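Below: one structure, written as structure tokens.
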Amino acid sequence: MVPGDIGTSMLHRRFANLSLNQDVRIRTFEPHKENPNCYLTILTLQVDFVKKQTETKEQFDMGEMKDLFIQFFDEQIFTEKQTLLFEFHGEDLILEVTGVTLVDFNGAGSQPDTTGGFRRGILMKDTVINFVKSATSSIRLVGGRSTSAPTALLQPNFSFEDLGIGGLDHEFSQIFRRAFASRIFPPHVVEKLGIQHVKGVLLYGPPGTGKTLMARQIGKMLNAREPQIVNGPEILNKYVGQSEENVRKLFAEAEKEYKARGEESSLHIIIFDELDAICKQRGSTGGGTGVGDSVVNQLLAKMDGVEQLNNILIIGMTNRLDMIDEALLRPGRLEIHMEISLPDEKGRVQILNVHTAKMRNGNLLKDDVNLEELARLTKNFSGAEIAGLVKSATSFAFNRHIKVGATVTVDADYDKIKIGMDDFLGALEEVHPAFGVAETELQQCVANGIIQYSKDIGRILSDGKLFVKQVQDSKVTPLVSVLLHGPPRSGKTALAAEIAMTSDFPFIKLISPETMVGFTEQAKMATINKVFNDAYKSPFSVIVIDAIERLLDYVAVGPRFSNNVLQTLLVLLKKVPQKNHRLLILGTTSSRRVLEEMELTDAFNEEIYVRNVEDLQGVDMVLRTLAVFGDRERDRSIQTLRSAGLESRIGVGIKRLIMMADMASRDEDKVDKFVTLMADQGVRASLEEAPKRGGFGIQGPSDQGDYAAGGVLQSYS
Numbered sequence: 001m002v003p004g005d006i007g008t009s010m011l012h013r014r015f016a017n018l019s020l021n022q023d024v025r026i027r028t029f030e031p032h033k034e035n036p037n038c039y040l041t042i043l044t045l046q047v048d049f050v051k052k053q054t055e056t057k058e059q060f061d062m063g064e065m066k067d068l069f070i071q072f073f074d075e076q077i078f079t080e081k082q083t084l085l086f087e088f089h090g091e092d093l094i095l096e097v098t099g100v101t102l103v104d105f106n107g108a109g110s111q112p113d114t115t116g117g118f119r120r121g122i123l124m125k126d127t128v129i130n131f132v133k134s135a136t137s138s139i140r141l142v143g144g145r146s147t148s149a150p151t152a153l154l155q156p157n158f159s160f161e162d163l164g165i166g167g168l169d170h171e172f173s174q175i176f177r178r179a180f181a182s183r184i185f186p187p188h189v190v191e192k193l194g195i196q197h198v199k200g201v202l203l204y205g206p207p208g209t210g211k212t213l214m215a216r217q218i219g220k221m222l223n224a225r226e227p228q229i230v231n232g233p234e235i236l237n238k239y240v241g242q243s244e245e246n247v248r249k250l251f252a253e254a255e256k257e258y259k260a261r262g263e264e265s266s267l268h269i270i271i272f273d274e275l276d277a278i279c280k281q282r283g284s285t286g287g288g289t290g291v292g293d294s295v296v297n298q299l300l301a302k303m304d305g306v307e308q309l310n311n312i313l314i315i316g317m318t319n320r321l322d323m324i325d326e327a328l329l330r331p332g333r334l335e336i337h338m339e340i341s342l343p344d345e346k347g348r349v350q351i352l353n354v355h356t357a358k359m360r361n362g363n364l365l366k367d368d369v370n371l372e373e374l375a376r377l378t379k380n381f382s383g384a385e386i387a388g389l390v391k392s393a394t395s396f397a398f399n400r401h402i403k404v405g406a407t408v409t410v411d412a413d414y415d416k417i418k419i420g421m422d423d424f425l426g427a428l429e430e431v432h433p434a435f436g437v438a439e440t441e442l443q444q445c446v447a448n449g450i451i452q453y454s455k456d457i458g459r460i461l462s463d464g465k466l467f468v469k470q471v472q473d474s475k476v477t478p479l480v481s482v483l484l485h486g487p488p489r490s491g492k493t494a495l496a497a498e499i500a501m502t503s504d505f506p507f508i509k510l511i512s513p514e515t516m517v518g519f520t521e522q523a524k525m526a527t528i529n530k531v532f533n534d535a536y537k538s539p540f541s542v543i544v545i546d547a548i549e550r551l552l553d554y555v556a557v558g559p560r561f562s563n564n565v566l567q568t569l570l571v572l573l574k575k576v577p578q579k580n581h582r583l584l585i586l587g588t589t590s591s592r593r594v595l596e597e598m599e600l601t602d603a604f605n606e607e608i609y610v611r612n613v614e615d616l617q618g619v620d621m622v623l624r625t626l627a628v629f630g631d632r633e634r635d636r637s638i639q640t641l642r643s644a645g646l647e648s649r650i651g652v653g654i655k656r657l658i659m660m661a662d663m664a665s666r667d668e669d670k671v672d673k674f675v676t677l678m679a680d681q682g683v684r685a686s687l688e689e690a691p692k693r694g695g696f697g698i699q700g701p702s703d704q705g706d707y708a709a710g711g712v713l714q715s716y717s
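The numbering of the sequence shown is UniProt numbering, which starts it at 1 and goes up by one.
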């Protein structure tokens, strides 16, 4: 080129719309004359590699880029849409001016210069330079302030009730704070703090409490990509390596976007339902394939491996937290563990509002429906069970408008259908909570009611109420355990069941050897452990353990027992429930001496002795209550027993006495038959009072009617 000529590069020609070798007339530009406000206060530059296919793991510090840019281009003029080359750390970059803002010395605020239809200004050392990554570029910019507004993480105008979720406000706020709050802020703020976003949330708790529903609706709550919802068993495949490949496919899209956009990539949510199906403790499953272990390893590698992704959120759900591999529960993986427990009364009101919203809006609920009262009556109902309750209530309303004859038809006034409080109360008779009261089993234990044949019975029931009140109100004893012991058939189980049912606790379960006939030792342990684990999920619980010596498979011949079941009971009887949960344990035994030798009695806080019917006054009270004899027959029976000198020898269990009275009432001579049965019982009682010797080392009387083996107890396990 000769002096006076100006050469242009391809970038210059493209920007000025010039052809190759085209002659162009130019003139000197004096920015101060064109516009006094010609200095740049903000310059925004879009950055990309010159070679579009360039990929590098290097991160480009925007602060360092700014210093170098000002050093090279200080006092140069920049115009919007102008492009230029820029070398940084050996990489050729192309910059495009996407925004300019000029200083306004007139005090009207900074404004872009639009002189001649162009926006342009002079770069100063104090100019704020914002680097913005090109949408299609793989370059990684760090250390600077982004000019783009942070993406709104939450959808506007959403509410939990609109999402169909009630009673989970606290859980949602906790998940939002720990998992989503950091994602609202611009990336440079998070980078300054030097933290990584939370990558995993594990929701666990009883079935039907809303874990899957919560995870499914998170996608509606967030401005993010549509979540990938995966049922755990769907990951598994019969072909070698295919299960691991299925895990990799879930992360493929997130990996691709993270490589292209880095921290500016959108959030990818992957939801694993029934996580325990694929992420069991490694080494715990049988078989030689090791597929389960490989799936866990692959998931760990994707979540927290060498090439970490910061644009993913894994939400796992399980009913069995104890089965999940521990490595998945550590920070950097599924680090947030949120228990979705049974809703409290306030939560149940919200859930009822959700499930009856359309009924209210359609004016299909009667005025007498009181949701607060229903919430009080549905203790320990899960969200799914409340939904079932509403369905059951509507079925009563449907049934009122159905005519059953030769054919089934619907009334003409079906559009007047309304659901009332009676429908809900009827539904409560049909729908029972899984973590509720074992009412049928407990009612069987007190089929004949409680007969207060002595002052001891009233005292025992009164003490039982005190134990219940202690569990409810005490801040120092969240666990109270009581052992009722005494002779066989003396009514121990009935008293324990009565105390449990009158407690009005939402969770009451009976552990009885009757339900475990034929169970293996392991099955017994699992059943007992499950009842206790279920009790820990309820705020107030009662567990009745009936005939403990039978649960232990104790026999005097030998004597032998199950040590594994014994150790299970010893541990669980002393295990204190978690905070804000209370537990009352009522145990019964007819062999206290045996439990004492096993040191099981030490696991109970208190003991109550239940006596037999020991006097004629008690017998008279039982006969009066049963009403199987007339007044004269009853008086004759008592007088005959007194005349026979049996008053001092009566020691009969209440259950046996009820059976004898019922049997005698069917005889032609009720009085004679009853006296004969009582006399035989008195003779047996006298014989049992004598100390027993020989045999298998049976010792003397224990616990006023209990006898225990004097030999060394042996465990068969």
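C-beta atoms are modelled at their ideal positions from N, C-alpha and C, and glycine is treated no differently.
Here the structure is a predicted model, which means the values were calculated and not measured.
Check whether the Cβ atoms of residue 474 and residue 430 lie closer than 8 Å to each other.
Their beta carbons are not under 8 Å apart, which means residue 474 does not touch residue 430 by this criterion.
Apart from the five residues on each side of it in sequence, which residues of its chain come closer than 6 Å, Cβ to Cβ, to residue 746?
Only positions 1 to 717 of the chain appear in this structure, which leaves residue 746 out of reach.
Rounded to whole angstroms, how far is the Cβ of residue 587 from the Cβ of residue 483, which I believe are closer than 8 Å?
Contact holds; Cβ gap of about 5 Å.
Return helix, strand or coil for residue 74, following the three-state DSSP convention.
Residue state, collapsed to three classes: coil.
Going straight from the alpha carbon of residue 274 to that of residue 594, what length do you get?
Answer to the nearest angstrom: the Cα atoms are 44 Å apart.
What does the alpha-carbon distance come out to for the pair residue 239 and residue 245?
Approximately 10 Å between the Cα atoms of the pair.
Below 8 Å on the Cβ atoms is my guess for residue 212 versus residue 317; work out the distance and round it to an integer in Å.
Rounded, the Cβ-Cβ distance is 6 Å, consistent with contact.
Please classify residue 174: does DSSP put it in a helix, a strand, or coil?
Helix.
Could you tell me how far apart the beta carbons of residue 616 and residue 641 are, in whole angstroms, since I believe they sit closer than 8 Å?
That pair is a contact at about 6 Å.
Kindly list the residues whose CB is nearer than 7 Å to the CB of residue 614, restricted to its own chain and excluding five residues on each side of it in sequence; keep chain order.
The answer, listed in chain order, is 650 and 651.
When the Cα atoms are used, what is the spatial distance from residue 137 to residue 52?
Distance between the alpha carbons of residue 137 and residue 52 is about 7 Å.
Just how far apart, CA to CA, sit residue 217 and residue 351?
Rounded to the nearest angstrom, the two C-alpha atoms are 15 Å apart.
Considering only DSSP beta bridges, list what residue 582 is partnered with.
According to DSSP, residue 582 bridges with 540.
Inspect the CB distances between the region 463-482 and the region 570-582 and report whether three or more fall short of 8 Å.
Counting Cβ pairs under 8 Å, three or more are found: they touch.
Express the C-alpha separation of residue 181 and residue 13 in angstroms, rounding to a whole number.
Near 47 Å, if we compare the C-alpha coordinates of residue 181 and residue 13.
Please specify which runs of the alpha helix (DSSP H), each continuous and at least 4 residues long, are wholly inside the region 493-567, giving them in chain order.
Listed in chain order, they are 521-536 and 548-551.
Tell me the DSSP secondary structure of residue 475 in three-state form.
It is coil, neither helix nor strand.
Quick check: the Cα distance between residue 150 and residue 90, rounded to an integer number of angstroms?
Caution applies to residue 150, whose pLDDT of 46 falls short of 50 and renders its modelled position unreliable; the value that the coordinates give is listed next. So the two alpha carbons sit approximately 31 Å from each other.
Going by DSSP, what residue range makes up the beta strand (DSSP E) through residue 99?
First-last of the beta strand (DSSP E) with residue 99: 91-102.
Sort out for me which residues DSSP pairs residue 130 with in a bridge.
The partner list for residue 130 (beta bridge, DSSP) reads 44.
Please report how far the alpha carbon of residue 440 lies from the alpha carbon of residue 251, in whole angstroms.
Cα to Cα, residue 440 sits roughly 50 Å from residue 251.
Grab me the residues of residue 360's own chain with a C-beta within less than 7 Å of its C-beta, minus the 5 sequence neighbours each way, in chain order.
Excluding positions up to five away in sequence, the list is empty.
What number of angstroms, rounded off, separates the C-alpha of residue 520 from the C-alpha of residue 572?
Distance between the alpha carbons of residue 520 and residue 572 is about 19 Å.
Rounded to whole angstroms, what is the Cα-Cα separation between residue 600 and residue 455?
The straight-line gap from Cα to Cα measures roughly 28 Å.
How big is the Cα-Cα spacing for residue 329 and residue 337?
Going by the C-alpha atoms only, they are around 8 Å apart.
Cα separation between residue 460 and residue 487?
The straight-line gap from Cα to Cα measures roughly 16 Å.
Going by beta-carbon coordinates alone, are residue 366 and residue 418 separated by less than 8 Å?
Taking 8 Å as the Cβ cut-off, residue 366 and residue 418 qualify as a contacting pair.
Of all the alpha helix (DSSP H) runs that stay within the bounds of the region 612-689, which reach a length of 4 or more residues?
As far as the region 612-689 is concerned, its whole alpha helix (DSSP H) runs of at least 4 residues are 616-626, 631-643, 654-664 and 670-689.
Tell me the DSSP secondary structure of residue 353 in three-state form.
It is helical.
Compute the Euclidean distance between the alpha carbons of residue 3 and residue 32, then round it to the nearest angstrom.
Roughly 27 Å separates the two Cα atoms.
Should residue 299 and residue 279 be called a contact, given that it needs their Cβ atoms to be closer than 8 Å?
Result yes, Cβ atoms of residue 299 and residue 279 sit closer than 8 Å.
Quick check: the Cα distance between residue 672 and residue 637, rounded to an integer number of angstroms?
Each residue's Cα considered, the two are about 8 Å apart.
Which runs of the beta strand (DSSP E) spanning at least 3 residues fall entirely within the region 332-392, listed in chain order?
Taking only runs of at least 3 residues, the beta strand (DSSP E) segments lying wholly in the region 332-392 are 336-339.
Can you tell me where the alpha helix (DSSP H) holding residue 246 begins and where it ends?
Here the alpha helix (DSSP H) through residue 246 covers 242-261.
With DSSP as the reference, label residue 797 as helix, strand or coil.
Here the chain covers residues 1 to 717 and nothing more, so residue 797 does not appear.
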